[in-house]
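Protein chains in written order, with our numbering: chain G, 130 to 586; chain P, 130 to 586.
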């Protein structure tokens, strides 16, 4: 980053922090209809800030829900176009009594800013806006073409984003998707992800006797629906943590030697045990911990219930039992095929005396891009410059549904360059964001825009 | 039953029905503190009715909860003393919208009386009162000595009965306990029970990571508490329905040939499948259905829960999982020993990555008396006289905790001569009672009092 940019950042830093505080003060809770006007107010604040920062074609675009804020600056002829995504809505603040400060009156203490949305994602949306503003202030133009698409519904499942993208394919056309809504590996270890796990979720219900039965009057005579559920779910894994659904691993891209080495290096089992409060970790035998999260599929029970849940005992044989299951999928697994294999397995292993209902719910394709993709290289270089350490080419254990949206509809390769930390309490009380990563992140984002055209040449 | 008794019954029948309706109209819901005065009102009604019926020493005896109604008639020198037990409290009426009639405005239709408490147990308590009143009206004295002990807390676990019995050992001293709070095998098949299953109940909780985890961020790295629960619970039965807890069956009294034959005769699997709405029955291999309910112990899951239970999916790895378990026990199993064996098994089979907490809850000894007990013979004769068919010497799959109380504290052999039917919706909306069994039951109760001194001579 040249002297002129560094000076501009320095000169405007206090103003930026003041503006960020203003933005964070707006309670843009998308899930709460009583905050509908606040969500719009945040959109308006953001649109206004982009306009003041020199962006063009600033618009608040309506959806059936909360609006999208769009802006662009498209004057870099023959240079790549970067579409920047983030969300200006935030999570609810319950339980409010667990907050040490007012969630919508941001406080800076020890170079950490506390408040709802600081790390997820208003703080990072604000960084994307200031990335452009800083360069425009210093240089009058940008090294790439840039578009902003900031949505107000990410915390409610991006309810209208698919529709919005479908309706604005031309407006959103770009070469690269830049997303600042993820986390770094640790305080001083930046990362850029090239793969995300997908998802296949389902709910299964077993129906035994037509009503709950008294276990004294009928116990021993009839299948207990919970016993059947335990037996059925017990067939899904072997005792080494492998999923035993026939064909489940058939399409899994094997770990390369390099990936395995990286995962081994990054697996700090002692630290993770300590973080989670467990004596031992557990998972698929034969893979280091990080590989089990990044590169191997899982089948997890997320919820299980049937029968009596109150205090003490109720001697009932339950009529029904329900389980919620999600598989995390990796390249090249197909969510629809996995759903079908799992349904087949469940039917084939159904214990006697119960009926099975399988309801397929959410699904998301796993995602990956070539590790030598030029945009990844630019991100890597930019992070190294800003953080003075090599970034790790990482994967993510979760899925980021909007990545699938933009990839599937616009063919965009996503650069997930986020500056939050897992420990920063997003979705929880006392959410916060380290300003040290605001500074270094802003540096990295600017450096990325400068390096990208070189790599994509 | 002689002519004089038959005439007395006939003459007083309409009055009896009118009185029963009055008694049933009092909403004596013991679990609901807003009905505390109603419970007392039911006790007063009953005490008054016993007094009017010629009983002596009628008292409302206080407990720390709802009172006990006591009465006696002790003028049959050198004859056995029968202690009659029943309860005048009733279950709540929720869900009220499922009732076709007002639960506390009893209606008679097609010789069936509808209302809360008709079969469980105010209707049957009323029969015990009228049994004595009818004989006293006809004869001026009774063929045995009789005591009544009607409690108001059976539906809340007889919370203060143990204490009450301890405090009134002399008052309650008797030779035989007569209980009318059970069911017949079917409309025209009376039964008298000589054995009850006992109970050993516990709750287990598994604790994995210290909080719920995101299945994308951590899935694959750490034990899923629900998987551990499924694995652990899966070790409790084999695939033939046997309990696999070491030593579980060691003390079980084997089925005699006669019992097996009776059970085979009484097992109507098609009817039971139809009643329960299942395609197939299930249970311990090698035993007919009725034997599995009456004479074999079980280990049942009554409740199981952990993780997300709402609509759709939440990709969480749950921190805790809980299971509620009860074992139905048969002679000569010891609930304390079974609890210890089960705790040992659970600890020995605990999957890695979770901690186990076992909380022992309710327990009840299994009960049995010799099938040739003279009081059983008297009951058998009385039922045959009233129902014109041989009564079946049966067992009960459930436990009747008050039987243990009276047996352990007063050494009483229980005669469980009940006239309800399993299909009469006790504890449910539209509870009802067949007046045909009111008539035949009252006949049987009177006949029992006459035959008992002959058998016990």
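Using N, Cα and C, we set each Cβ at its ideal position, and we do this for glycine too.
Fair warning: this is a prediction, and the values are worked out from it, not measured in the lab.
**OP:** Look at the alpha carbon of residue 103 of chain G and the alpha carbon of residue 561 of chain G, and state the distance between them as a whole number of angstroms.
**Re:** Residue 103 of chain G lies beyond the residue range present for chain G, which begins at 130 and ends at 586; the question has no answer from this structure.
**OP:** Can you grab the Cα-Cα spacing for the pair residue 161 of chain G / residue 190 of chain G, in whole Å?
**Re:** Computed Cα separation, rounded: 20 Å.
Subject >> Chain-ordered residues of the stretch 405-431 of chain G with a beta carbon less than 7 Å from chain P >> reply: Those would be 405, 406, 407, 409, 410, 411, 412, 413, 418, 421, 422, 425, 427, 429, 430, 431, in chain order.
Original post:
Excluding five sequence neighbours on each side, which residues of the same chain lie with their C-beta closer than 7 Å to the C-beta of residue 358 of chain G?
Top reply: Closer than 7 Å at the Cβ level, and outside the excluded window around residue 358 of chain G, lie 335, 435, 450, 452.
Subject >> Where residue 229 of chain G falls: helix, strand or coil (DSSP) >> reply: Reduced to three states, the DSSP call for residue 229 of chain G is coil.
Subject >> Stretch-stretch touch, CB-based, cutoff 8 Å, three pairs: the stretch 245-257 of chain G with the stretch 576-586 of chain G >> reply: Taking 8 Å as the limit for Cβ pairs, the verdict is that the stretch 576-586 of chain G does not touch the stretch 245-257 of chain G.
Original post:
Relative to chain P, which residues along the stretch 485-505 of chain G have a C-beta separation below 7 Å, given in chain order?
Top reply: Correct list: 490, 491.
Subject >> Alpha carbon of residue 363 of chain P to alpha carbon of residue 549 of chain P, nearest angstrom >> reply: Straight-line Cα distance between these residues: approximately 37 Å.
Original post:
Expressed to the nearest angstrom, what Euclidean distance is found between the alpha-carbon atoms of residue 167 of chain G and residue 263 of chain G?
Top reply: One C-alpha to the other measures close to 27 Å.
**OP:** Taking all protein chains shown into account, decide if residue 526 of chain P is buried (16 or more other Cβ within 10 angstroms of its Cβ) or exposed.
**Re:** Flag for residue 526 of chain P reads buried.
**OP:** With 7 Å as the limit, tell me which residues of the stretch 204-230 of chain G have their beta carbon closer than that to any beta carbon of chain P; keep them in chain order.
**Re:** The stretch 204-230 of chain G vs chain P, Cβ under 7 Å: nothing.
**OP:** Determine which residues share a DSSP beta bridge with residue 450 of chain G and list them.
**Re:** In the DSSP assignment, residue 450 of chain G forms a beta bridge with G:335.
Original post:
Taking the alpha carbon of residue 281 of chain G as the point to measure from, which residue in G:352, G:344, G:331, G:194 has its own alpha carbon closest?
Top reply: Nearest to residue 281 of chain G by alpha-carbon distance, out of G:352, G:344, G:331, G:194, is G:194.
Original post:
Who are the Cβ neighbours of residue 156 of chain G in its own chain at under 6 Å, not counting the five residues just before and after it?
Top reply: So the list reads 164, 167, 233, once near-sequence residues are dropped.
Subject >> Inter-stretch contact (C-beta, 8 Å, three-pair minimum) for the stretch 455-474 of chain G and the stretch 494-503 of chain G >> reply: Three or more beta-carbon pairs separated by less than 8 Å link the stretch 455-474 of chain G to the stretch 494-503 of chain G, which places the two stretches in contact.
Original post:
Any Cβ of chain G within less than 8 Å of the Cβ of residue 389 of chain P?
Top reply: Not closer than 8 Å to any Cβ of chain G, the Cβ of residue 389 of chain P fails to qualify, so no.
Subject >> Whole-Å CB distance - residue 310 of chain G paired with residue 547 of chain G, under 8 Å assumed >> reply: With a contact defined as Cβ atoms closer than 8 Å, residue 310 of chain G and residue 547 of chain G qualify at about 6 Å.
Original post:
What do you reckon, are the CB atoms on residue 182 of chain P and residue 261 of chain P nearer than 8 Å?
Top reply: Contact: yes.
Subject >> alpha helix (DSSP H) segment containing residue 178 of chain P, residue limits >> reply: For residue 178 of chain P, the enclosing alpha helix (DSSP H) starts and ends at 165-181.
Original post:
Is the CB of residue 472 of chain G under 8 Å away from at least one CB in chain P?
Top reply: Answer no: the Cβ-Cβ gap between residue 472 of chain G and chain P never drops below 8 Å.
Original post:
Can you list the residues of chain G that residue 575 of chain P reaches, using a CB-CB cut of under 8 Å?
Top reply: Within chain G, no residue comes near residue 575 of chain P; the closest Cβ sits about 28 Å away, beyond 8 Å.
**OP:** Report the residue ranges of all alpha helix (DSSP H) runs contained in full by the stretch 325-409 of chain G; include only those spanning at least 4 residues, in chain order.
**Re:** Runs of the alpha helix (DSSP H) inside the stretch 325-409 of chain G: 344-347, 354-362, 386-395, 398-405.
Original post:
What does residue 250 of chain P touch in chain G if you count any residue whose Cβ is under 9 Å from its own?
Top reply: Ordered by position in chain G, no residue passes the 9 Å Cβ test against residue 250 of chain P, which lies about 16 Å from the chain.
Original post:
Going by Cα to Cα distance, which pick from G:477, G:415, G:457 is closest to residue 346 of chain P?
Top reply: The shortest C-alpha separation from residue 346 of chain P is found at G:457.
**OP:** Give the straight-line distance between the Cα atoms of residue 511 of chain G and residue 544 of chain G, rounded to the nearest whole angstrom.
**Re:** If you take the alpha carbons of residue 511 of chain G and residue 544 of chain G, they lie about 12 Å apart.
**OP:** Please check if any C-beta of chain C sits within less than 8 Å of the C-beta of residue 458 of chain G.
**Re:** Absent from the structure is chain C; the protein chains it does hold are G and P.
Original post:
Does residue 533 of chain P get closer than 8 Å to chain G when you measure Cβ to Cβ?
Top reply: Answer no: the Cβ-Cβ gap between residue 533 of chain P and chain G never drops below 8 Å.
Subject >> Residue interval of the beta strand (DSSP E) (run including residue 275 of chain P) >> reply: Its beta strand (DSSP E) spans residues 274-280.
Original post:
Taking Cβ positions, are residue 429 of chain P and residue 566 of chain G nearer each other than 8 Å?
Top reply: The answer is no: Cβ separation not under 8 Å.
**OP:** Spell out whether any CB of chain G is found under 8 Å from the CB atom of residue 552 of chain P.
**Re:** Not one chain G Cβ lies under 8 Å of residue 552 of chain P.
Original post:
Going along chain G, which residues have a C-beta under 7 Å from residue 438 of chain P?
Top reply: At a beta-carbon threshold of 7 Å, the residues of chain G lying near residue 438 of chain P are 432, 434, ordered along the chain.
Original post:
Quick one, which of P:517, P:467, P:444 has its alpha-carbon nearest residue 455 of chain P's?
Top reply: Of the listed residues, the one whose Cα sits closest to residue 455 of chain P is P:467.
**OP:** Whole angstroms is fine: what's the gap from residue 371 of chain G's alpha carbon to residue 414 of chain G's?
**Re:** Each residue's alpha carbon lies about 7 Å from the other.
**OP:** List the residues of chain P that residue 455 of chain G touches, going by C-beta distances under 7 Å, in chain order.
**Re:** Under the 7 Å cutoff, chain P gives 344, 442, 444.
Original post:
Helix, strand or coil: how does DSSP classify residue 159 of chain P here?
Top reply: Coil.
**OP:** At 7 Å on the CB atoms, spell out the chain G contacts of residue 360 of chain P, in chain order.
**Re:** Simply 363.
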